[in-house]
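Chains A and B supply the protein sequences, listed in that same order.
Here the first sequence is numbered in our numbering, starting from 35 and rising by one per residue.
Here the second sequence is numbered in our numbering, starting from 35 and rising by one per residue.
First up is the structure itself, then whatever we jot down about it.
2 protein chains.
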Amino acid sequence: MPRRLIILTDGYHDSHTAKTAINVIRYKPEDVVAVLDRQAAGKTCQELLGVGGNLPVVARIEDAPQANALLIGIAPPGGKIPPPWRPIVLEAIARGLDVISGLHDFLGDDPEFVAAARKSGAKLVDVRKNDEHDVAQCQGIREGCLRIHTVANDCSLGKMVASVEVARGLSRRGVDAKFVATGQTGILIEGDGCPIDRVISDFVNGAAEKLVLANQHHEVIVVEGQGSLFHPRYSGVTFGLLHGCAPDGLILCYEMGRTTIYGMEWIPLAPLDWVRRFYEEAASIRHPCRVIGVAINGGKFSDAEVDAERDRVRTWLGLPACDVLRHGPDELVDAVLDLKRQLKK
Amino acid sequence: MPRRLIILTDGYHDSHTAKTAINVIRYKPEDVVAVLDRQAAGKTCQELLGVGGNLPVVARIEDAPQANALLIGIAPPGGKIPPPWRPIVLEAIARGLDVISGLHDFLGDDPEFVAAARKSGAKLVDVRKNDEHDVAQCQGIREGCLRIHTVANDCSLGKMVASVEVARGLSRRGVDAKFVATGQTGILIEGDGCPIDRVISDFVNGAAEKLVLANQHHEVIVVEGQGSLFHPRYSGVTFGLLHGCAPDGLILCYEMGRTTIYGMEWIPLAPLDWVRRFYEEAASIRHPCRVIGVAINGGKFSDAEVDAERDRVRTWLGLPACDVLRHGPDELVDAVLDLKRQLKK
């Protein structure tokens with residue numbers, strides 16, 4: 035039975051906090067029947083979240099009777115379920131809806147949720163759950179598989195979107211390309227992947243390598259980045275993923291207008307040229323790797339402002355640059371194809 | 035009741051594979067009554083492992099009747115218990131000995147071990163078990179606490195030994211210094227710490243930061259390094275730890291004669307000056323940090339050879355350098371005290 039999702043975002047609707055909701059709606063709209071937000075009921079999804087067109091925002095689960103699963107639509111730092119959401123989750127379970135969560139706190143570890151699910155027959159799906167227990171082997175990756183990896187100066191600014199758009203752009207050009215998901219939202223969109231930030235740290239590099247090995251039959255894989263080497267919370271995840279997926283080329287992502295680390299406004303963001311240089315050095319510890327293009331998230335700015343920024347960055351860094359949602363990903367797709375030719379892959 | 039350990043190393047006796055055994059014997063000899071190695075029974079511990087003097091090596095648990103706990107003395111990559119060891123562990127449990135393990139595979143998850151322990155009343159102690167679930171906050175570290183961190187070009191080459199020796203050396207000079215353990219062996223020696231490589235990757239930086247916060251009342255803390263930014267298996271752990279403990283100074287450790295990555299002889303080691311520069315840049319993303327000295331592991335070479343190497347490294351890198359086990363840690367202790375004065379901590 036296909037999933038028909040009602041997405042719980044109750045009270046969270048900006049591009050950071052409601053990231054999971056927004057991107058599942060953006061890339062899997064056919065799976066979504068409504069968004070649940072008690073304060074915004076009656077609006078359209080487009081009005082509330084900026085995506086989803088006329089998809090309705092409802093106040094109660096019963097207002098979306100065709101739904102058969104409730105998706106927790108947020109991914110806060112630390113990944114805990116907001117306490118006011120418990121009654122909503124319990125009601126969904128009681129109504130027999132499966133509940134899907136990408137939080138660090140697993141539904142399946144919550145005795146109340148488990149008891150309720152046992153009673154109603156609902157399934158509890160924890161997307162971040164994994165049993166990765168293998169260290170990296172650093173061998174056996176098919177030479178011909180071109181590996182592109184999205185990286186950034188901060189977390190939560192569009193690495194996943196850039197990865198999906200570039201992979202889809204490559205496919206439109208007839209390339210056998212695959213988006214390789216490494217986070218809960220990407221996994222929900224793609225249907226496979228590994229929740230890399232939930233893997234035991236000793237096995238992070240190994241889990242990333244396994245993702246590459248599992249997808250190396252494709253011509254090009256675009257491995258979704260996580261966090262940032264410059265984010266003091268998540269930099270371990272980012273570095274392990276970077277080394278484990280052993281990329282040939284990087285796409286550097288950033289958000290226009292952001293000047294400090296997300297959630298830590300007392301820490302200024304490093305300049306992009308420093309960020310670029312550090313990533314290139316970090317990625318080249320084993321084999322050469324360089325940044326081949328820049329993905330600008332200009333969501334908060336006008337077309338003219340983003341175009342001016344695009345020109346500035348192209349000149350400053352000497353790299354192709356675009357806002358994949360505004361300009362389309364073609365300039366980055368060209369850069370990937372150039373690298374493919376250069377490396378004869 | 036104090037622990038009287040019999041340490042199981044059966045068949046493993048070099049400085050890599052028997053690392054846990056060797057270092058517990060080196061730094062907690064008063065806790066150890068014997069080593070169990072069926073092929074080497076009758077030897078002394080010194081003959082078998084190069085430490086421990088006349089401590090006996092025995093073939094059977096019953097040959098060390100004063101033991102009240104069995105310590106698994108190895109820490110292999112991936113951390114699984116060798117299958118031939120199962121009967122020994124089961125016998126120990128049946129005799130009522132507690133079993134202490136730092137492996138990734140937890141004793142407490144093994145139904146056979148759990149059932150046997152329930153029967154005999156023995157305790158199963160998994161040193162790597164943890165429940166770290168907090169992201170780093172990057173705030174609140176006491177300015178006056180000097181943080182030193184040991185780093186390396188590879189794993190398993192003496193970062194823990196250098197950390198313990200420097201912390202003890204500082205204490206001998208009257209400084210309130212603390213060795214902060216981040217791995218199973220260090221935790222067994224120090225009695226506290228966090229098994230950082232077993233923490234969920236999203237919480238690695240946070241767990242490292244918590245260790246600093248818990249120990250920041252000391253004048254100087256020496257935080258044990260893990261893995262290497264240059265080791266393709268463990269680099270995620272290393273980077274998260276580096277950022278989480280936010281060091282003021284680094285001690286760069288390496289092993290003389292090693293030319294390739296441990297366990298991956300097809301990957302050459304990077305030159306020390308590159309390693310040094312990359313660590314300094316990685317550690318300085320938030321605040322300045324530099325390498326203040328070099329710890330040489332010259333275990334496989336003669337005094338004359340190590341002395342020549344020491345001179346070479348001092349000149350090449352312009353840094354104090356010593357083999358802490360051969361020369362004592364004084365030169366590195368001086369470097370820490372210099373940094374303390376420079377930073378007015």
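The beta-carbon is built from N, C-alpha and C at its ideal position, and this holds for glycine as well.
Small disclaimer: the values here were computed from a predicted structure and weren't measured.
Item: Integer-rounded CB distance, given that A:Ser235 should sit under 8 Å from B:Gly274; Value: 6 Å
Item: Option nearest B:Arg292 by Cα separation, candidates B:Leu104, B:Trp119, B:Leu303, B:Ala280; Value: B:Leu303
Item: B:Val244 versus B:Ala170: straight-line alpha-carbon distance, rounded; Value: According to the sequence shown, residue 244 of chain B is Lys rather than Val. Roughly 8 Å separates the two Cα atoms.
Item: Inter-residue Cα distance where the pair is A:Arg232 and B:Asp345; Value: 45 Å
Item: Own chain, CB closer than 6 Å to B:Ala75, minus 5 neighbours either side, in chain order; Value: Val91, Val92, Ala93
Item: B:Tyr61, DSSP secondary structure in three states; Value: helix
Item: Whole-Å CB distance - B:Cys79 paired with B:Val67, under 8 Å assumed; Value: Contact flag wrong, Cβ pair sits at about 10 Å.
Item: B:Met298, enclosing beta strand (DSSP E) - first and last residue; Value: 298-302
Item: Residues of its chain near A:Ala201, where Cβ-Cβ distance is below 7 Å and the 5 sequence neighbours each way are ignored; Value: Ala211, Lys212, Phe213, Val256
Item: B:Cys172: contacting residues in chain A (beta-carbon distance under 9 Å); Value: Pro266, Arg267, Ile295, Met298, Trp300, Ile301
Item: Coarse secondary structure for B:His277, derived from DSSP in three states; Value: helix
Item: Member of A:Asp364, A:Asn331, A:Pro99 whose CA lies at the smallest distance from the CA of A:Ser49; Value: A:Asn331
Item: Straight-line gap, A:Thr54 to A:Ile108 (C-alpha atoms, nearest Å); Value: 5 Å
Item: For A:Asp337, the nearest candidate out of A:His361, A:Met194, A:Arg320 (CA to CA); Value: A:His361
Item: Entirely enclosed alpha helix (DSSP H) segments - the segment 203-268 of chain B, minimum 4 residues; Value: 218-224, 238-249
Item: B:Arg320 at chain A interface by Cβ criterion, 8 Å; Value: yes
Item: Presumed contact (8 Å Cβ cut-off) between A:Val358 and A:Glu199, rounded CB distance; Value: 4 Å
Item: Three-state secondary structure (DSSP) of A:Cys172; Value: coil
Item: Whether A:Ile127 touches A:Ala151 by CB criterion (8 Å); Value: yes
Item: Beta carbon proximity, A:Pro111 to chain B, threshold 8 Å; Value: yes
Item: Chain B within 8 Å of A:Ser336, Cβ atoms only; Value: no
Item: Validate contact between the segment 276-292 of chain A and the segment 186-193 of chain A using beta carbons, cut 8 Å, 3 pairs; Value: yes
Item: B:Asn187 versus A:Ala316 - alpha carbon distance; Value: 14 Å
Item: Residues of the segment 267-290 of chain B with Cβ closer than 9 Å to any Cβ of chain A, in chain order; Value: Arg267, Tyr268, Ser269, Gly270, Val271, Thr272, Phe273, Gly274, Leu275, Leu276, His277, Gly278, Ala280
Item: Per DSSP, cross-strand counterpart(s) of A:Arg344; Value: DSSP output for A:Arg344 lists no bridge partner at all.
Item: Contact list for A:His361 against chain B, beta-carbon separation under 9 Å; Value: Ordered by position in chain B, no residue passes the 9 Å Cβ test against A:His361, which lies about 31 Å from the chain.
Item: Of the residues B:Asp368, B:Gln376, B:Arg375, the one placed nearest B:Gly203, counting alpha carbons only; Value: B:Asp368
Item: Contact check, A:Leu124 vs A:Ile40, beta carbons under 8 Å; Value: no
Item: Nearest-angstrom Cα separation, counted from A:Ile295 out to A:Leu306; Value: 13 Å
Item: Three-way DSSP call (helix, strand, coil) for A:Gly327 in this model; Value: strand
Item: Contact list for the segment 211-234 of chain A against chain B, Cβ threshold 8 Å; Value: Ile230, Asp231, Arg232, Val233, Ile234
Item: Runs of beta strand (DSSP E) wholly within the segment 134-158 of chain A (minimum 3 residues, chain order); Value: none
Item: Buried versus exposed, by CB contacts within 10 Å (16 or more), A:Ser318; Value: exposed
Item: Neighbour-count burial assignment, B:Lys378, 16 or more Cβ in a 10 Å radius; Value: exposed
Item: Residues from the segment 230-259 of chain A in contact with chain B, defined by Cβ distance under 8 Å; Value: Ile230, Asp231, Arg232, Val233, Ile234, Ser235, Asp236, Val238, Asn239, Gly240
Item: Three-state class that DSSP yields for B:Ile115 in the structure shown; Value: coil
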